[in-house]
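I have placed the structure first, in the form of structure tokens, so that the comments after it can refer back to it.
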Amino acid sequence: MPSRVALITGSSRGIGRAIALRLAHDGAIVAVNYRERRDQADEVVQAITKAGGRAAAIGADLASESDCTRLVDTVRETLGPIDIVVNNAGVFRKGDLADFNGGDMEHMQSINVDGLIHVTREAVNDMKARGWGRIVNVASIAGIGMATVGTTFYAATKAAVITLTRRFALELGPHGITVNAIAPGFIATDMAAQSGADFNAIAAKTMVRRVGTPEDIAAAASFLASEQSGFITAQVLTVDGGRTDYIAHA
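Each residue of the sequence shown is one higher than the last, beginning at 2 in our numbering.
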């Protein structure tokens, strides 16, 4: 790709890190966003610059609207006008109806949904000015209907991400901006390993009999952020190895 400026939220580790590295490999100038892990964000930047790319680590708490505005302003001032946004930052709090926790729900909403809205709203001004842009939202198969207990309210926030993807695509299409979502299945990240999840049991629920890697998601993000995806918008690309444990498929 040309030297586009890409902002990837929550990219100090896991899926976001893999996306940052992949887009840098594709030729993008990358803004590595983090909330607390500056050291890990710096490591991503160092990996990119060592490979000949350009990147900067920029801290921001996406639960704060003012921080979202500052993040976009800082990317613009440091690296240039934004061409690509990957809304990857997200949090998970376990819960179903019987043990609903309003504080947990509010926290997930503030980052998974509100933060995505605020970052996108600020960044699209650059894209509109040039008539080109790519927005890639990281949703989840939970938002489609994965049959896993303890994910009810997290799923609700990710379903909102999917709906916003389609609505933003409708609004921004006339400006040359595409908006798509990726719905990852279970991905083997450090966070997933620390959760105590049974990787073998989860792999058995997929058609390809393995869990996903951050690089699987990064490959999808690379395509959706590229020139080649210009006639694709308002879509949700499921990257889950063919999971079979859904409540229902539309």
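Ideal Cβ placement from N, Cα and C applies to all residues, glycine included.
Closest residue to residue i among the options (Cα-Cα distance)
i: histidine 176; options: Ala140, Ile136 and Leu165; result: Ile136
i: histidine 26; options: Gly81, Arg244, Gly197 and Gly53; result: Gly53
i: valine 139; options: Ala226, Val46 and Gln41; result: Ala226
i: serine 67; options: Asp40, Phe93, Leu117 and Gln41; result: Leu117
i: threonine 149; options: Asp127, Lys206 and Asp115; result: Lys206
i: isoleucine 112; options: Lys159, Ala48 and Arg77; result: Lys159
i: methionine 208; options: Ala235, Asp62, Thr245 and Asp84; result: Thr245
Exposure of residue i, with buried meaning 16 or more beta-carbon neighbours within 10 Å
i: glycine 103; result: exposed
i: leucine 80; result: buried
i: threonine 50; result: exposed
i: alanine 58; result: buried
i: glutamate 172; result: exposed
i: phenylalanine 169; result: buried
i: alanine 99; result: exposed
Sub-8 angstroms separation of residue i and residue j beta-carbons
i: serine 230; j: arginine 23; result: no
i: isoleucine 17; j: asparagine 89; result: According to the sequence shown, residue 17 is glycine rather than isoleucine. Cβ atoms of glycine 17 and asparagine 89: closer than 8 angstroms.
i: arginine 38; j: serine 4; result: no
i: isoleucine 30; j: alanine 21; result: no
i: alanine 19; j: isoleucine 183; result: no
Delimiting residues of the beta strand (DSSP E) encompassing residue i
i: tyrosine 35; result: 30-35
i: asparagine 1; result: The requested residue 1 does not occur in the structure, where the chain is confined to residues 2 to 251.
i: threonine 239; result: 237-240
Terminal residues of the alpha helix (DSSP H) in which residue i lies
i: proline 215; result: 215-225
i: glycine 186; result: Unbroken run through glycine 186: none, as it is neither H nor E.
i: leucine 117; result: 117-131
Nearest-angstrom beta carbon gap, residue j and residue i [assumed within contact, 8 angstroms]
i: glycine 15; j: aspartate 127; result: With 8 angstroms as the limit, glycine 15 and aspartate 127 do not qualify as a contact, their Cβ atoms being about 26 angstroms apart.
Proximity test, residue i beta-carbon vs the ligand NAP heavy atom, cut-off 7 angstroms
i: alanine 21; result: Ligands displayed in this structure: none; no statement on the ligand NAP is therefore possible.
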